[in-house]
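S.K.: Take this structure, written in structure tokens, and hold onto it; I'll ask about it next.
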Ligand code: CBH
Ligand code: ZN
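Numbering (the numbering used here), first residue to last: 537 to 902.
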């Protein structure tokens, strides 16, 4: 599949759907390359083959954008994790850009340089200090060939706006996503007002990522859309939810679940859950649709397959799938062959197989 490599903004302005990629840190943690907590971005230098392969899987699943593997790669965060390897932030940021570019060019995807929340902001809320961290990352990104930027995983609209202001000095398109619930940011600023703040700071695309499941994230982005409409502002909408169900979560999302981060598997979305999510997000007017932690390649493929008519193509990974399980027509067992149909998978309520598991947990802090 050859895609047209045009500017992200040009594509969104033309009404195209952009399929995002999935979360990298959680997958690479599970594969043994990243440590949970600091989510060690050092893997870009230490295990480039692992990062490259994950990028490739997302690309093959239809991702139009590959995000650089630079989560928590500001100097303050790297110091916190006790960077024993002596790998510098500059080395990681630059290596991550090269890896994303190398793979993106194999399929004509775009590369987004990503920054995320800092520690300094929590410590002192000092605008100059926080901005200097983002500036440093931006300078490193600008040595490389990056198509646009994403400021992601922000709990405070103020910090996200600072990130946007810095990234915008590049003159490139900037997307900004916050890890907030429908209740708003940590200061209680509602999603609509967060969105207004981000767009006023210069963001071209706004939305949410991580922390909560697709249902909650769609709700939050809808509130952002309403806020922008009320303020008479325009921006494209973006969504990259968790790849797991978190119906009982609120303010701090999955971080407060007893299962976080090492026993989340029971909550994983099925590919059919993702079909439903992709359609609902599209119907809510969101045009940049991807995933965050828990989203694997098959989930991204499900977004691509659900939105195949809108996108006008299927991704390479669909060659090994077949829509709605149609490949099962070739199964040897007749009862499995009977599952080669949309209705079966759409209506299925999958069992967990764990007789003692509760269906819901009590989040720690709410
Ligand atoms: O993983 C990725 O690819 C990034 N683009 C997004 C990471 S969201 C990370 C969540 C960490 C949660 C925590 O604070 O422990
Ligand atoms: Zn995430």
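Built from N, CA and C at the ideal position, the CB exists for glycine as well.
#1: According to the neighbour-count rule (16 or more other Cβ atoms, all chains shown, within 10 Å of its Cβ), is residue 894 buried or exposed?
#2: Please indicate yes or no: does the CB of residue 562 lie closer than 7 angstroms to some heavy atom of ligand 1?
#3: Would you list the one or two residues that DSSP bridges to residue 745?
#4: I'd like the ranges of any alpha helix (DSSP H) spanning at least 4 consecutive residues and lying wholly in the region 612–689.
#5: Return yes when the Cβ of residue 580 is within less than 8 angstroms of the Cβ of residue 570, no when it is not.
#6: Express the C-alpha separation of residue 728 and residue 771 in angstroms, rounding to a whole number.
#7: Could you compute how far the alpha carbon of residue 899 sits from the alpha carbon of residue 784?
#8: Between the alpha carbons of residue 753 and residue 717, how many angstroms are there, rounded?
#9: Quick one: residues in its chain with C-beta nearer than 6 angstroms to the C-beta of residue 781, no 5 flanking neighbours on either side, listed in chain order?
#10: Could you tell me whether the Cβ atoms of residue 555 and residue 600 are closer together than 8 angstroms?
#11: For residue 680, which option in 548, 648, 844, 659 has the closest C-alpha, if you only look at C-alpha atoms?
#12: Does the pairing of the region 640–654 with the region 667–681 give three or more beta-carbon distances under 8 angstroms?
#13: If distances are taken between C-alpha atoms only, which option among 606, 597, 553 comes closest to residue 831?
#14: For the beta strand (DSSP E) containing residue 559, name the first residue and the last one.
#15: If you run the structure through DSSP and keep just helix, strand and coil, what is residue 692?
#16: Hey, how far is the Cα of residue 833 from the Cα of residue 760?
#17: Which one of 756, 767, 766 has the shortest CA to CA distance from residue 787?
#18: Comparing alpha-carbon positions, which option in 841, 720, 719, 614 lies nearest residue 656?
#19: Verify the contact flag: residue 685, CB atom, against every heavy atom of ligand 1, threshold strictly below 7 angstroms.
#20: Between residue 774 and residue 711, how many whole angstroms is the CB-CB distance? I'm expecting something under 8 angstroms.
#21: Between residue 796 and residue 790, what straight-line distance do the alpha-carbon atoms span, to the nearest angstrom?
#22: Tell me which residues share the same chain as residue 637 and place their Cβ nearer than 6 angstroms to its Cβ, disregarding the 5 neighbours each side in the sequence.
#23: What's the gap between the Cα of residue 584 and the Cα of residue 606?
#24: If you check the beta carbons only, do residue 860 and residue 878 fall under 8 angstroms apart?
#25: According to DSSP, what are the bridge partners of residue 714?
#26: Comparing C-alpha positions only, which one of 867, 705, 643, 764 sits nearest to residue 670?
#27: Can you pull every residue whose C-beta falls closer than 5 angstroms to some heavy atom of ligand 2, listed in chain order?
#28: What does the alpha-carbon distance come out to for the pair residue 734 and residue 633?
#29: What are the partner residues of residue 836, as DSSP defines its beta bridges?
#30: Less than 8 angstroms between the beta carbons of residue 730 and residue 720, yes or no?
#31: Excluding the 5 residues preceding and the 5 following residue 851 in the sequence, name in chain order all residues of the same chain whose CB lies nearer than 7 angstroms to its CB.
#32: Are residue 563 and residue 590 touching if we call contact CB-CB under 8 angstroms?
#33: Residue 650: beta carbon under 7 angstroms from a heavy atom of ligand 1?
#34: Considering only heavy atoms of ligand 1, does any lie closer than 7 angstroms to the CB of residue 565?
M.R.: According to the structure data:
#1: exposed
#2: yes
#3: 776
#4: 625–643, 655–660, 663–678
#5: no
#6: 12 angstroms
#7: 7 angstroms
#8: 7 angstroms
#9: 749, 803
#10: yes
#11: 648
#12: yes
#13: 597
#14: Where residue 559 is concerned, there is no enclosing beta strand (DSSP E), given that its DSSP letter is neither H nor E.
#15: coil
#16: 28 angstroms
#17: 756
#18: 614
#19: no
#20: 6 angstroms
#21: 6 angstroms
#22: 647, 681
#23: 13 angstroms
#24: yes
#25: 690, 744
#26: 705
#27: 559, 746, 828, 829
#28: 25 angstroms
#29: According to DSSP, which records beta bridges pairwise, residue 836 is partnered with nothing at all.
#30: yes
#31: 537, 596, 597, 598, 837, 840
#32: yes
#33: yes
#34: no
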